[in-house]
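Peer 1: Those letters in the sequence shown? Residues 0 to 153, per numbering that gives the first Met the number 0, in order. Think of the CB as a built atom: it goes at the ideal place given N, C-alpha and C, for glycine as much as any other residue. Keep in mind it's a predicted model, so treat the numbers as computed, not measured. Before anything else, here's the structure in question.
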Amino acid sequence: MNYSISIINSKMTDMIKFTTILFILIIPIGNNLFGQDFENKEIRDFLISTGEIQEGDRCSYYAYELIKSDELKCSDICGIYRIGAYASHSYTYLLLLDKQGKTFLDCHTDLYQTLKSIFSFFEKNNHCFTDLEKLSYIKEAMDIYHRNNTAIPW
0 MNYSISIINS KMTDMIKFTT ILFILIIPIG NNLFGQDFEN KEIRDFLIST GEIQEGDRCS
60 YYAYELIKSD ELKCSDICGI YRIGAYASHS YTYLLLLDKQ GKTFLDCHTD LYQTLKSIFS
120 FFEKNNHCFT DLEKLSYIKE AMDIYHRNNT AIPW
(Lines of atoms letter the chains of each structure in order from A and count residues from 1; the text may use other names and numbers.)
(Lines give C-alpha, C1' and ligand atoms only; values in the text may rest on other atoms or scores of the structure.)
Protein backbone atom coordinates (compact mmCIF):
# COMPACT_ATOMS: atom_id res chain seq x y z
CA MET A 1 0.00 0.00 0.00
CA ASN A 2 2.78 2.46 0.91
CA TYR A 3 4.62 1.49 -2.24
CA SER A 4 1.65 2.43 -4.48
CA ILE A 5 1.25 5.80 -2.70
CA SER A 6 4.94 6.45 -3.27
CA ILE A 7 4.55 5.71 -6.99
CA ILE A 8 1.53 8.02 -7.23
CA ASN A 9 3.41 10.83 -5.44
CA SER A 10 6.37 10.32 -7.76
CA LYS A 11 4.17 10.53 -10.86
CA MET A 12 2.40 13.62 -9.52
CA THR A 13 5.75 15.31 -8.90
CA ASP A 14 6.90 14.44 -12.41
CA MET A 15 3.65 15.79 -13.87
CA ILE A 16 4.03 19.06 -11.95
CA LYS A 17 7.64 19.42 -13.16
CA PHE A 18 6.56 18.74 -16.75
CA THR A 19 3.71 21.26 -16.55
CA THR A 20 5.99 23.90 -15.05
CA ILE A 21 8.59 23.42 -17.78
CA LEU A 22 5.88 23.53 -20.44
CA PHE A 23 4.55 26.86 -19.11
CA ILE A 24 8.06 28.28 -18.94
CA LEU A 25 8.55 27.43 -22.61
CA ILE A 26 5.13 28.53 -23.89
CA ILE A 27 4.60 31.86 -22.10
CA PRO A 28 7.49 33.75 -23.81
CA ILE A 29 6.38 32.49 -27.22
CA GLY A 30 2.83 33.70 -26.61
CA ASN A 31 4.08 37.08 -25.41
CA ASN A 32 6.18 37.45 -28.55
CA LEU A 33 3.31 36.64 -30.89
CA PHE A 34 0.71 38.81 -29.21
CA GLY A 35 3.15 41.62 -28.53
CA GLN A 36 4.28 41.74 -32.14
CA ASP A 37 0.75 41.95 -33.51
CA PHE A 38 -0.16 44.75 -31.12
CA GLU A 39 3.11 46.66 -31.34
CA ASN A 40 3.44 46.55 -35.12
CA LYS A 41 -0.10 47.67 -35.96
CA GLU A 42 1.35 50.86 -37.45
CA ILE A 43 3.67 48.81 -39.67
CA ARG A 44 0.81 46.58 -40.78
CA ASP A 45 -1.35 49.64 -41.52
CA PHE A 46 1.49 51.17 -43.54
CA LEU A 47 1.96 47.98 -45.57
CA ILE A 48 -1.79 47.87 -46.22
CA SER A 49 -1.67 51.49 -47.42
CA THR A 50 1.10 50.62 -49.90
CA GLY A 51 -0.77 47.59 -51.22
CA GLU A 52 1.88 45.12 -50.04
CA ILE A 53 -0.72 43.28 -47.96
CA GLN A 54 -4.51 43.32 -47.97
CA GLU A 55 -6.77 44.24 -45.06
CA GLY A 56 -8.01 40.71 -44.35
CA ASP A 57 -4.74 38.92 -45.13
CA ARG A 58 -2.94 36.93 -42.50
CA CYS A 59 0.29 37.69 -44.34
CA SER A 60 3.42 37.93 -42.24
CA TYR A 61 5.59 41.00 -42.25
CA TYR A 62 8.97 41.88 -40.80
CA ALA A 63 10.80 44.77 -39.15
CA TYR A 64 14.56 44.30 -38.76
CA GLU A 65 17.24 46.76 -37.74
CA LEU A 66 19.00 47.78 -40.94
CA ILE A 67 22.60 46.99 -39.90
CA LYS A 68 22.37 44.47 -37.06
CA SER A 69 19.27 42.62 -38.36
CA ASP A 70 17.71 42.57 -34.87
CA GLU A 71 13.92 42.44 -34.74
CA LEU A 72 12.08 45.62 -33.80
CA LYS A 73 11.15 45.53 -30.12
CA CYS A 74 8.76 47.75 -28.19
CA SER A 75 11.72 48.93 -26.07
CA ASP A 76 13.58 50.33 -29.12
CA ILE A 77 13.66 54.13 -29.18
CA CYS A 78 16.08 55.06 -31.96
CA GLY A 79 17.03 53.26 -35.15
CA ILE A 80 16.46 52.57 -38.82
CA TYR A 81 14.60 49.39 -39.75
CA ARG A 82 13.81 47.61 -42.99
CA ILE A 83 10.20 46.53 -43.16
CA GLY A 84 8.10 44.62 -45.64
CA ALA A 85 5.86 41.64 -46.26
CA TYR A 86 7.10 38.07 -46.50
CA ALA A 87 5.99 37.65 -50.10
CA SER A 88 7.61 37.24 -53.46
CA HIS A 89 7.94 40.39 -55.53
CA SER A 90 7.31 42.73 -52.60
CA TYR A 91 9.21 45.93 -51.91
CA THR A 92 11.30 46.74 -48.85
CA TYR A 93 10.58 49.98 -47.00
CA LEU A 94 12.39 51.86 -44.25
CA LEU A 95 11.15 52.82 -40.82
CA LEU A 96 12.91 55.69 -39.03
CA LEU A 97 12.22 55.36 -35.31
CA ASP A 98 13.02 57.99 -32.69
CA LYS A 99 11.45 59.47 -29.56
CA GLN A 100 9.26 61.77 -31.68
CA GLY A 101 7.67 58.88 -33.54
CA LYS A 102 7.89 56.71 -36.63
CA THR A 103 8.54 57.79 -40.20
CA PHE A 104 7.97 55.36 -43.07
CA LEU A 105 10.03 55.75 -46.25
CA ASP A 106 9.28 54.48 -49.73
CA CYS A 107 12.59 53.13 -51.06
CA HIS A 108 11.72 52.51 -54.67
CA THR A 109 10.53 55.75 -56.25
CA ASP A 110 12.66 58.69 -55.11
CA LEU A 111 16.21 58.04 -53.90
CA TYR A 112 16.84 61.76 -53.34
CA GLN A 113 13.87 62.07 -50.97
CA THR A 114 14.82 58.86 -49.15
CA LEU A 115 18.39 60.04 -48.55
CA LYS A 116 17.21 63.52 -47.59
CA SER A 117 14.92 62.01 -44.94
CA ILE A 118 17.72 59.81 -43.61
CA PHE A 119 20.15 62.76 -43.35
CA SER A 120 17.51 64.80 -41.55
CA PHE A 121 16.93 61.86 -39.19
CA PHE A 122 20.68 61.72 -38.46
CA GLU A 123 20.75 65.45 -37.67
CA LYS A 124 17.87 65.11 -35.19
CA ASN A 125 19.34 61.99 -33.58
CA ASN A 126 23.07 62.65 -33.83
CA HIS A 127 23.71 61.12 -30.39
CA CYS A 128 22.35 57.72 -31.46
CA PHE A 129 24.81 56.92 -34.25
CA THR A 130 28.53 56.97 -34.92
CA ASP A 131 29.81 58.25 -38.26
CA LEU A 132 30.65 54.69 -39.31
CA GLU A 133 27.09 53.56 -38.50
CA LYS A 134 25.68 56.46 -40.51
CA LEU A 135 27.71 55.41 -43.55
CA SER A 136 26.58 51.81 -43.11
CA TYR A 137 22.93 52.89 -42.92
CA ILE A 138 23.29 54.97 -46.10
CA LYS A 139 24.93 52.06 -47.93
CA GLU A 140 22.16 49.68 -46.83
CA ALA A 141 19.45 52.17 -47.85
CA MET A 142 21.01 52.50 -51.31
CA ASP A 143 21.22 48.70 -51.61
CA ILE A 144 17.52 48.43 -50.74
CA TYR A 145 16.70 51.11 -53.33
CA HIS A 146 18.67 49.16 -55.95
CA ARG A 147 16.98 45.83 -55.05
CA ASN A 148 13.55 47.47 -55.12
CA ASN A 149 14.20 48.88 -58.58
CA THR A 150 15.30 45.51 -59.95
CA ALA A 151 12.34 43.65 -58.38
CA ILE A 152 9.40 42.82 -60.58
CA PRO A 153 6.17 43.59 -58.69
CA TRP A 154 3.04 41.56 -59.37
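Can you tell which of Thr129, Gly100 and Lys67 has the C-alpha that lies nearest to the C-alpha of Glu41?
Peer 2: Glu41 has its Cα closest to that of Gly100, out of Thr129, Gly100 and Lys67.
Peer 1: Nearest-angstrom Cα distance between Leu96 and Ile151?
Peer 2: Looking at the two C-alpha atoms, the distance is approximately 28 Å.
Peer 1: Quick one: is Cys106 buried, meaning 16 or more other Cβ sit within 10 Å of its Cβ, or exposed?
Peer 2: Cys106 is buried by the Cβ-count criterion.
Peer 1: Quick one: grab the DSSP three-state call for Thr12.
Peer 2: It is helical.
Peer 1: By Cβ distance below 8 Å, which residues in the same chain neighbour Thr113 in space, the five residues on each side in sequence not counted?
Peer 2: So the qualifying residues of the chain are Leu93, Leu104, Asp105, Cys106, Ala140 and Tyr144.
Peer 1: In the stretch 85 to 151, which residue ranges form an unbroken beta strand (DSSP E) of at least 3 residues, counting only runs that do not cross its ends?
Peer 2: Those beta strand (DSSP E) runs which fall completely within the stretch 85 to 151 and span 3+ residues are 92 to 97 and 100 to 104.
Peer 1: Which value, in whole angstroms, describes the spacing of the CA atoms of Ala62 and Asn124?
Peer 2: The alpha-carbon atoms of Ala62 and Asn124 are separated by roughly 20 Å.
Peer 1: Is the number of C-beta pairs between the stretch 124 to 133 and the stretch 51 to 58 that are closer than 8 Å three or more?
Peer 2: Touching, no, given that fewer than three Cβ pairs across the two stretches are closer than 8 Å.
Peer 1: For the beta strand (DSSP E) containing Glu64, list its first residue and its last residue.
Peer 2: Its beta strand (DSSP E) spans residues Tyr60 to Glu64.
Peer 1: Comparing C-alpha positions only, which one of Tyr85, Ile79, Ser87 and Asn147 sits nearest to Leu110?
Peer 2: The shortest C-alpha separation from Leu110 is found at Asn147.
Peer 1: I need the DSSP call for Ile82, collapsed to helix, strand or coil.
Peer 2: Three-state DSSP puts Ile82 in a strand.
Peer 1: Have a look at the DSSP bridge pairing and note the partners of Glu70.
Peer 2: DSSP lists Tyr63 as partners of Glu70.
Peer 1: So what does DSSP say about Arg57, is it helix, strand or coil?
Peer 2: Coil, per DSSP.
Peer 1: By a C-beta neighbour count over all protein chains shown, 10 Å radius and 16 as the cutoff for buried, is Glu122 buried or exposed?
Peer 2: Its Cβ having fewer than 16 others within 10 Å, Glu122 is exposed.
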